[in-house]
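Each remark here refers to the structure printed beneath this line.
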Amino acid sequence: MIIFDLDDTLYDNERLSRRNTQLTKKWIQQELGLNKAELEELYRNLPKKYPNPLNGVTSLGLSPEGYHENVFGKIEPSKYLSERIELKKELEKLDEEQAIVSFAPETYCRRVLDVLGIEEFFQQVISASQFNSSKKQAYEEIKNPELVIGDNFKADLRPAIEIGIDIIHVSKNCKISQNHTCCEDVIQALQLIKQR
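First residue of the sequence shown? That's 2 in this note's numbering, and the numbers climb one at a time after it.
Rendered as structure tokens:
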């Protein structure tokens with residue numbers, strides 16, 4: 002089974018990322034009653050301390066369900082994304098089954114996959130929030146995991162390495178000190194898999 006992260010792995014869309022950030026900040030500000038300066042200070046440091054956004058949310062005393070509802074529940078992926086024909090062609094070439102493991106809720110993941118035109122390729126779609134916000138626990142629930150492809154080393158890939166799953170880091174600025182495969186985008190990652 003090949004496991005993919007969703008956001009910034011299967012697609013890279015700055016507008017969608019900004020919208021996610023805007024909604025997250027708005028929700029945190031409302032829930033905690035922060036002024037703009039307090040919010041900016043908190044939000045600047047949160048991802049550094051908690052690469053896993055669900056852990057960051059719970060560290061503030063907020064719930065993953067509230068995060069899902071007030072952020073992902075208010076984003077319509079079709080406003081930001083479109084079908085990825087080249088990605089679809091590369092996924093068609095894979096013999097292995099595929100899964101999504103994301104910090105986003107399953108319903109949002111499925112909407113994104115549908116807009117991208119690739120939902121049919123994924124046998125499992127898992128939200129890490131089902132596993133105490135742990136991608137490691139989610140990976141352990143998948144039968145025969147061979148490879149994890151993700152953009153965030155700390156949140157997506159380190160948990161895979163800890164349990165002996167191979168990784169491909171999708172990043173234009175890959176800086177991994179260990180000896181792992183880096184690709185600029187998911188298309189390049191999929192092409193490398195076919196060469197194995």
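Cβ coordinates follow ideal geometry from the N, Cα and C atoms, glycine included.
Computed from a predicted model, the values in this text were never measured in an experiment.
Assumed close pair residue i, residue j - CB separation to whole angstroms, cut-off 8 Å
i: I29; j: E147; result: Not a contact, Cβ separation roughly 37 Å.
i: I150; j: I169; result: 5 Å
i: E91; j: L191; result: 4 Å
i: E87; j: I188; result: 6 Å
Buried or exposed by the 16-neighbour rule on C-beta atoms within 10 Å, applied to residue i
i: S128; result: buried
i: G57; result: buried
i: S130; result: buried
i: N53; result: buried
i: L117; result: buried
i: L55; result: buried
i: N153; result: buried
i: L114; result: buried
Beta carbon proximity, residue i to chain C, threshold 9 Å
i: F132; result: The chain labelled as chain C is not found in the depicted structure, where only one protein chain is given.
Closest Cα partner of residue i within the set the options
i: R16; options: K80, F154, Y140, Q125; result: K80
i: K49; options: K195, S172, A156; result: A156
i: Y109; options: F154, L88, N71, C184; result: N71
i: L11; options: I162, K144, E41, K89; result: K89
i: D186; options: R197, I194, K173, Q196; result: K173
i: F5; options: Q196, C175, L47, I166; result: I166
i: K26; options: E66, Y44, L63; result: Y44
i: L63; options: E39, A38, Q31, D96; result: Q31
Worksheet item: Counting Cβ pairs closer than 8 Å, one from the segment 14-31 and one from the segment 65-76, do we hit at least three?
Response: yes
Worksheet item: Taking three-plus beta-carbon pairs below 8 Å as touching, is the segment 95-105 in contact with the segment 123-140?
Response: yes
Practice prompt. Decide if the segment 84-102 is in contact with the segment 114-124; the criterion is three or more beta carbon pairs, one per stretch, under 8 Å apart.
Written response: yes
Worksheet item: If you scan the segment 125-185 from start to end, which runs of the alpha helix (DSSP H) of 4 or more residues do you find wholly inside it?
Response: 136-142, 159-163
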